[in-house]
Every structure is written in structure tokens, then in C-alpha cells.
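Asks: Could you have a look at this structure, given as C-alpha cells, before my questions?
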Amino acid sequence: MPTPTSIDGLIEKTSAYLHPEQVERIRQAFEFGALAHQGQTRKAGGDYIWHPVAVAEILAEYKLDHESIIAAILHDVVEDTPFNKEDIIERFGESVADMVEGVTKLAKVQFASAKEAKAESFQKMMLAMSRDIRVILIKLADRLHNMRTMGAMRRDKQARIADETLEIYAPIAARLGINAIRIELEDLCFKAKHPYRYEVLKSRLQQVRGGRNEALKQIADTFQKRLDQDQIPAQVIGREKHLYSLYCKMQGKKFSEILDIFAFRIIVENIDSCYRTLGSVHSLYKPLPLRIKDYIAVPKKNGYQSLHTTVMGPYNNAHLEVQIRTEQMHDVSEHGIAAHWQYKQQGENSDQKLSQVDTLAQEWVKNLLEIQQSAGNSLDFLENVKIDLFPEVIYVFTPKGEIITLPRGSTALDFAYALHTDLGHATKGCRIDKKASPLRTVLESGQSIQIIKGRHPAPQPSWLQFVSTAKARTQIRHYMRQLKASDAIKLGERLLDNALKANQLTLNELSNEVQQYVIDELHLATWNGLLEEIGSGNRMPQLVAKQIQQFSGSGEETNDAHQDKTLPITGTEGMVIHYAQCCHPIPGDLILGFISREKGLVIHRECCANVKQLKSQPDKCIELHWAEQVEGTYFAELQLEVENRRGSLGTIASTIASTNTDIDRVHSDDKDDTYSLMNFVIKVRNRVHLAQVIRVLKSLPIVQKIQRN
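Take the sequence shown: its position 625, counting from 1, is numbered 625 in full-length UniProt numbering, and each next residue is one higher.
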């Protein structure tokens with residue numbers, strides 16, 4: 001979509017739904033913005049004023065109120081021109097000025113790192129949004145137009161902006177239900193990060209579109225005919241997934257495999273018709289077990305409602321994904337929280353229909369505020385919010401039948417913190433479906449949870465090892481930081497003594513010489529300092545107990561091939577470290593430590609198939625993190641599906657060698673007459689290095705599939 005060069009388009013769009021006096025105020029805002037930005041130009045070309053006008057046009061497509069449109073036109077005035085907030089208050093009121101201030105980019109402050117600056121800017125944006133959620137809508141439109149027009153930038157800068165957009169802005173759009181913006185942002189990011197792959201996929205899709213569209217039309221006609229017979233007024237739409245979605249589905253698959261899925265949307269008049277339509281669809285085609293989802297009875301966190309089902313289609317048993325919804329549900333699915341203002345123009349009755357969407361969005365923002373107030377710094381805040389931006393959700397019940405939505409993987413303790421921070425702090429047990437269960441139990445949809453509350457708050461550092469939600473992790477850490485030093489020392493002493501007992505030791509058995517040796521090895525000043533770190537949650541008692549056992553025992557040194565002068569994993573001073581050969585962890589992987597009597601601390605990837613069994617012994621499992629600077633090389637295993645050609649093994653090996661990567665060992669087997677499976681164990685520095693190797697191998701025509709074992 002080209003950048004506008006006049007105000008006419010914006011005036012035309014807003015005149016369709018706003019009062020003439022409000023449209024006139026928008027025209028006045030344009031005149032003020034043009035004066036403020038006079039003489040300024042964009043790198044993409046043209047006068048600067050047309051960028052904020054383009055942002056305002058995007059919002060006008062969603063029929064936002066006139067104050068939002070005015071704030072969009074003026075969103076860069078305070079930062080980039082001599083005018084200030086008071087000037088905007090004087091001309092357009094405090095509400096507009098507050099929005100402009102909320103959208104204004106982070107002032108020129110020096111931060112310790114670019115990462116910290118980004119986190120601080122993000123935190124500021126979230127807090128501004130908590131005061132007025134329209135701020136994030138303006139920010140999303142601003143980012144969308146910037147993505148549309150960044151072709152003049154250097155490739156590396158485009159890729160960096162695309163990474164940030166995929167990491168933060170597209171998920172926020174999804175979280176607020178604004179799918180139209182999310183989809184365009186994702187496709188623009190895909191094009192910026194992987195322009196060649198984007199064009200190849202786009203071209204392939206165009207090649208097959210003719211025959212595919214014919215199949216879509218025939219199936220849609222079959223649906224329509226059945227619904228007409230069942231006297232259900234409906235509109236059936238065959239739809240195509242967007243490029244970025246197809247690209248994500250292609251990881252580890254062939255292009256033909258992802259096109260085996262056809263998608264349809266059926267729009268009906270009311271909720272009763274939704275359920276009747278589901279029956280009609282299932283009478284035509286056999287539904288797949290466990291693939292029916294009722295988001296009407298239990299909406300998603302962003303207010304999204306639809307019935308989803310997947311059925312076996314008429315062509316080679318290809319899957320048909322079907323969404324069934326009303327017209328209003330469709331508006332919410334496309335526009336999310338932005339639909340609130342669209343319906344607001346139509347009167348109070350329509351506005352009430354959207355109240356649930358607005359409430360859900362405000363609840364999320366309230367949760368952000370709680371996380372911000374307890375986060376240690378802006379980096380903590382950014383990481384914790386990212387956890388909440390990428391959830392697969394479950395739905396569980398309180399004893400009174402209230403539905404609570406949580407990210408998949410949440411535990412009973414996460415549930416307690418979701419209800420209230422004070423309840424989480426005081427939790428001492430739980431019942432799941434009336435059965436006493438451990439707090440670390442991972443919940444499943446449909447369960448009913450009762451929290452057993454103690455008299456006094458008593459969060460444990462060990463809780464951090466199994467809670468998964470941002471709120472629970474933040475609140476537990478906040479509580480630990482608030483402990484007085486004396487309380488932290490007492491707690492640390494108790495936790496360490498319990499951990500030592502698991503290793504057949506007690507604190508009373510440790511001599512002063514052993515204590516001094518331990519704190520010297522851990523580079524701490526005093527023994528109480530170590531206990532305080534444990535009590536404050538900065539060191540895991542199980543790790544310290546294992547270290548004490550090794551320091552005070554045989555004193556054997558690690559013989560692990562990966563050990564280097566730089567400690568690779570934080571908090572493991574003096575420990576024997578082994579890297580599990582079942583999953584070959586490398587720097588950058590999410591990792592978990594398992595304390596083994598024979599091998600010391602064994603490092604596994606979080607996604608390792610053995611981790612589920614290891615977690616059945618939670619007292620031996622430790623959450624670990626790689627150090628910021630890690631030296632040396634680490635084993636990684638790749639499996640390639642390669643065409644059976646003479647010299648293919650040599651081609652693969654020489655390609656790997658061209659990336660300055662050593663091959664440790666190779667194994668090859670024929671899969672069939674056409675393809676071979678080759679397993680390479682290689683030495684890499686980290687995930688970035690491994691990604692470079694995979695990228696080069698993927699470019700070879702003989703390589704059909706590649707995956708990390």
C-alpha cells in the first residue's frame with residue numbers, strides 16, 4: 001500500500017463514520033502536524049508528515065475514534081519537533097496529548113546495552129498502554145507502516161527490525177486479537193528476513209493456485225449445498241493461509257505436504273446456527289478425533305470466538321480445517337480490541353457485545369502492570385511479558401466453577417498465583433479434581449483445582465524450578481528480594497541443610513576449613529553471604545550441596561571435553577559437568593541439569609525426550625543458564641534426508657567443512673531406493689554456528705530434509 005501524498009484519503013475514510021465536527025478536528029490536526037514537521041523528510045523519500053497520515057489511515061480502516069486518529073497524526077511531534085505536550089493539550093486536549101506521550105519513542109538516554117534500551121522502551125510502551133489501550137493500536141499501526149516502507153534501509157537493519165517485530169509487535173497484535181495487522185506484519189518480516197525464500201514460496205504458491213482454487217470452490221459449494229438443505233443461512237469462504245504461516249509449517253516438511261490442508265470459514269447468523277452448522281459439516285465429512293475446539297463456550301484470552309473442527313476431505317483424504325462463527329465473531333477475530341470502537345459508533349447495544357473483548361484486553365494489561373511492579377529491571381519485564389505473549393492455553397476451574405485461562409505447561413502453583421499473589425505466597429498444598437496433588441503438577445484443561453492456604457506466606461526458591469507463568473516467577477523473585485538479610489540467611493541455612501541431607505551430609509558436619517574452601521571456590525566473602533544468596537533465590541541449594549560434596553570429598557577435577565577456562569554454565573563452579581549424548585546441548589539451548597551420583601551434573605536440552613522421566617525426581621533437577629561468554633566447541637547431531645546420488649556423502653562433508661566446522665563422525669543408511677538418511681555429529685560453538693551450517697546445507701539441491709537429533 002503506497003504512502004499517501006494528500007489528506008483526502010483520510011478525510012474520506014473518517015467521514016464515513018465520524019461526525020463532521022470530528023473530521024474537521026482531524027483536518028486541523030493535519031495542518032498542525034504539517035507545520036510541526038515542515039522541512040523534515042523520511043529516508044524512504046517524501047515529506048515526513050505523510051508517515052503519520054499513513055498511520056492515521058490504517059487506524060481509520062478500523063474505525064477508531066477521532067482522538068486516536070488525531071494522536072496518530074501527531075505521534076512524532078513531541079519527539080521530533082520544537083512543539084511539546086503542552087502545545088498539544090492547548091490545541092487538542094489532554095487525552096490526545098497523553099496518547100502522543102505514550103507513543104513517543106524512548107528519549108535519548110544512554111543505556112548499558114542496546115538490549116537494555118530496547119527492553120526499557122518496551123516497558124515504557126506497555127505502561128503507556130495500561131493507561132490507554134489505544135496507545136498500542138497507534139504503535140502497531142506505526143510499526144506496520146514502517147515495515148511497509150523500509151525497503152531503502154540496509155538489509156541487516158531490515159532484518160533486525162523484522163526480528164523485533166516478530167518477537168514483540170506481531171504477538172501483541174495476536175494477543176489483542178488484531179489478526180489482520182498480525183498477518184501483514186508476519187509476511188513483511190518474512191520478506192525482510194528471507195527475501196529469496198519469500199519470493200520462491202510466493203512463486204510456488206502462484207503456480208499451484210489455479211488447481212487448488214478449483215478444489216476449494218468445489219468443497220465450498222458442497223458445504224453451501226448442505227447448509228441450504230438444512231436451512232442454515234451461511235456464507236462459505238475457502239481461504240488460503242498467509243505466506244509466513246506456510247513457511248512455519250514447512251519446517252521439516254515438503255511444499256506438497258503443507259498444501260494437503262484446505263481451510264474454510266463459515267459465517268452464520270447466530271450462535272445456535274454455529275452448532276447446527278458443526279453438525280452439518282460432520283454429516284458430510286468424518287471429523288478427526290480431538291480436533292474439535294469450542295471457543296464460543298470458552299473464548300480465547302483475546303476474546304476470539306469460533307468453533308473449530310478438522311475433517312477428512314473428499315480428495316485423497318486431505319484434511320479440511322473449518323472455522324464456524326457469526327459475523328460479529330468474525331469482526332472480533334480480524335480486528336480484536338479495535339472492533340470495540342467500530343461497534344461503539346453503532347450505539348450502546350452493539351457496544352455491549354464487544355464488552356467482553358474490551359474486558360479481556362484490560363485484564364491482560366492489568367496483569368502487565370503487576371509484572372512490571374515486581375520485575376527487577378526492564379530486561380526481566382521484557383522476558384516475562386514475552387512468556388505471556390506466546391501461550392498455548394488451557395482452561396481450568398476454581399471450586400466455584402469459574403474458568404481460569406493459563407498457558408499450557410502451567411502448574412497448580414501457577415494457578416494459585418493467577419488467582420491472587422497473596423494466595424500464591426501462602427499456598428501449602430492443592431487438590432486437583434478433589435485429589436491431593438503436588439504443587440508442581442502440570443495442569444490439563446477441564447480440571448478443577450482447590451488451593452490449600454497456609455497461615456503465613458512462605459514462598460520457596462525451589463518453586464522457581466517448576467512454575468511457568470510470568471506472574472508466578474516474577475512474584476516469587478520479588479518476595480525473595482524483599483526478605484531481610486537475616487531472614488534470607490535462616491532460610492538459606494534450612495534449604496542447604498535439606499539439600500545436603502540428600503547427599504548424606506549435614507551442615508553440622510562441615511568444618512570451618514571446608515566452609516572457607518567452599519566460599520573461596522565460589523568467590524564469595526563469607527559463609528553467611530552464601531546462605532543469603534541461597535535464601536534469596538540467587539543460588540540453587542541442590543547445586544551448592546553437590547559442590548560442597550565435591551569440594552570436601554575426593555576433589556576430582558572435571559575431565560569433560562567441553563570444559564574451558566571460561567565457565568560455560570553459571571553457578572556450577574567446581575562441579576563435574578557432563579553433556580548428555582542423548583540430546584547434545586550446545587550454548588543457546590534451553591537446558592536443565594540433573595544431579596547424578598556417578599556423573600556429577602548432567603546437562604540436557606529442555607526438549608530432550610529423557611527430561612520428562614528425569615523430572616520425576618524433581619529434587620535432582622536444576623534450572624540452568626549458559627554464561628554470556630562461552631568458549632570451546634560442542635557436539636551437535638544432524639540427520640539429513642539426501643538423494644541417492646554418487647558422491648552425495650562427499651558433497652555434504654565438503655559443504656560442512658566449508659563452514660569451518662569439524663565432523664566427529666558420520667553414519668549413513670538407505671531410507672529407500674531414492675533417499676538416504678545421513679547422521680553427522682559435528683563440533684559447533686553455539687546455536688548461531690549450528691544455524692549457519694544448517695542454512696548452507698539446506699541450499700544444496702540433494703538435501704530434502706534436515707533436522708537436529
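Each residue gets a CB set at the ideal place from its N, CA and C atoms; glycine is no exception.
Using the C-alpha atoms, what's the distance from Asp142 back to Gly102?
Replies: Roughly 13 angstroms separates the two Cα atoms.
Asks: Could you check what DSSP says for Gly429 in three-state terms: helix, strand or coil?
Replies: Three-state result, Gly429: strand.
Asks: What would DSSP say about Tyr48, mapped onto helix, strand or coil?
Replies: Reduced to three states, the DSSP call for Tyr48 is coil.
Asks: Figure out for me which residue from Arg212, Thr633, Ala159 has the closest Cα to the Cα of Asp187.
Replies: The option with the nearest alpha carbon to Asp187 is Ala159.
Asks: Go through its chain and collect everything with a Cβ distance to Tyr634's Cβ below 8 angstroms, but skip five positions before and after it.
Replies: For Tyr634, where only same-chain residues beyond five positions count, the Cβ hits under 8 angstroms are His562, Tyr579, His584, Pro585, Ile586, Pro587, Lys683, Val684, Arg685, Asn686.
Asks: Thinking just about the alpha-carbon of each residue, which of Lys13, Val78, Arg265, Ala56 is nearest to the one in Gln235?
Replies: Nearest of Lys13, Val78, Arg265, Ala56 to Gln235, Cα basis: Arg265.
Asks: Just confirm the distance between the C-beta atoms of Val396 and Ile452, as a whole number of angstroms; I'd bet it's less than 8 angstroms.
Replies: Wrong, their Cβ atoms sit about 16 angstroms apart, outside the cutoff.
Asks: Near Gln305, which residues of its chain fall below 6 angstroms by C-beta distance, leaving aside the five closest residues on each side in sequence?
Replies: Excluding positions up to five away in sequence, the list reads Tyr295, Ile296, Pro299, Met329.
Asks: At 4 residues or longer, what runs of the alpha helix (DSSP H) sit wholly inside the region 611 to 686?
Replies: Those alpha helix (DSSP H) runs which fall completely within the region 611 to 686 and span 4+ residues are 611 to 614, 648 to 657.
Asks: So what's Gln482 in DSSP terms, helix, strand or just coil?
Replies: Helix at Gln482.
Asks: Starting from the C-beta of Cys189, find all residues in its chain whose C-beta is less than 6 angstroms away, skip the five residues before and the five after it, and write them out in chain order.
Replies: Answer for Cys189: Ala162, Thr165, Leu166, listed in chain order.
Asks: So Gly238 is in the beta strand (DSSP E); what residue range does that whole segment cover?
Replies: Taken as a continuous stretch (DSSP letters only), the beta strand (DSSP E) holding Gly238 covers 234 to 239.
Asks: Less than 6 angstroms between C-beta atoms, sequence neighbours within five positions excluded: which residues of the same chain meet that for Met150?
Replies: If we look at Met150 and ignore the five residues flanking it on each side, its Cβ neighbours are Gln158.
Asks: Nearest by alpha-carbon distance to Glu444: which of Gly454, Asp422, Pro407 is it?
Replies: Here the closest residue by C-alpha is Pro407.
Asks: Leaving out five residues before and five after His19 in sequence, what residues of the same chain have Cβ atoms less than 7 angstroms from its Cβ?
Replies: Answer for His19: no residue qualifies.
Asks: Give the single residue among Leu510, Asp98, Gly492 whose Cα lies nearest to the Cα of Gly529.
Replies: Cα-wise, what sits closest to Gly529 is Gly492.
Asks: Would you mind stating whether Leu495 and Pro541 have Cβ atoms separated by less than 9 angstroms?
Replies: Taking 9 angstroms as the Cβ cut-off, Leu495 and Pro541 qualify as a contacting pair.
Asks: In this structure, does DSSP put Ile577 in helix, strand or coil?
Replies: It is a strand residue.
Asks: Which whole-angstrom value is the C-beta distance of Ala71 and Lys85, which I expect to be below 8 angstroms?
Replies: Not really, about 12 angstroms apart at Cβ, beyond 8 angstroms.
Asks: Within a Cβ cutoff of 8 angstroms, which residues of the same chain sit near Ser113, ignoring the five residues on either side of it in sequence?
Replies: Any answer about Ser113 is weak, because its pLDDT of 46 lies below 50 and its placement is not dependable; what the coordinates show is given next. Contacts found: none.
Asks: Assuming Trp50 contacts Thr3 under a Cβ cut-off of 8 angstroms, what Cβ separation, rounded to an integer in Å, is found between them?
Replies: Yes, they are in contact, since the Cβ atoms of Trp50 and Thr3 sit about 5 angstroms apart, within 8 angstroms.
Asks: Given this structure, state the Cα-to-Cα distance separating Arg695 from Lys249, to the nearest angstrom.
Replies: Between Arg695 and Lys249, the C-alpha separation is close to 17 angstroms.
Asks: So if DSSP puts Phe262 in a beta bridge, which residue, or which two residues, is it bridged to?
Replies: DSSP output for Phe262 lists Leu320 as bridge partner(s).
Asks: Name the DSSP bridge partner or partners of Val281?
Replies: None, per the DSSP bridge assignment.
Asks: Have a look at Leu59 and Ile69 and give me their C-alpha separation to the nearest angstrom.
Replies: Using only the alpha carbons, I get a separation of about 7 angstroms.
Asks: Using the Cα positions of Thr655 and Val693, report the straight-line distance between them to the nearest angstrom.
Replies: Distance between the alpha carbons of Thr655 and Val693 is about 8 angstroms.
Asks: Does DSSP put Val268 in a helix, a strand or coil?
Replies: Three-state DSSP puts Val268 in a strand.
Asks: Just curious, the alpha helix (DSSP H) that Leu10 is in, first and last residue?
Replies: Looking at the DSSP string, the run of the alpha helix (DSSP H) that includes Leu10 is 8 to 15.
Asks: Could you tell me how far apart the beta carbons of Ile548 and Leu510 are, in whole angstroms, since I believe they sit closer than 8 angstroms?
Replies: Between Leu510 and Ile548 the Cβ distance is about 7 angstroms, and since that is below 8 angstroms, they are a contact.
Asks: Can you name the start and end residues of the alpha helix (DSSP H) that Lys139 belongs to?
Replies: Lys139 -> alpha helix (DSSP H) spans 134 to 148.
Asks: Where Lys353 and Tyr479 are concerned, what is the direct C-alpha to C-alpha distance, given to the nearest angstrom?
Replies: Below a pLDDT of 50, predicted positions are generally treated as unreliable, and Lys353, at 46, falls in that range; the measurement from the model is reported next regardless. Rounded to the nearest angstrom, the two C-alpha atoms are 40 angstroms apart.
Asks: Could you tell me which residues DSSP puts in a beta bridge with Lys705?
Replies: BP columns for Lys705 point to Glu641.
Asks: Alpha carbon to alpha carbon, how far is Lys671 from Gly650? Give it in angstroms, no decimals.
Replies: About 18 angstroms.
Asks: Would you give the residue range spanned by the alpha helix (DSSP H) that Leu243 belongs to?
Replies: Per DSSP, Leu243 belongs to the alpha helix (DSSP H) from 243 to 249.
Asks: Report the residue from Ala29, Arg25, Asp47 whose alpha carbon sits nearest the alpha carbon of Thr5.
Replies: Cα-wise, what sits closest to Thr5 is Asp47.
Asks: What is the DSSP secondary structure of Pro287, reduced to helix, strand or coil?
Replies: Strand at Pro287.
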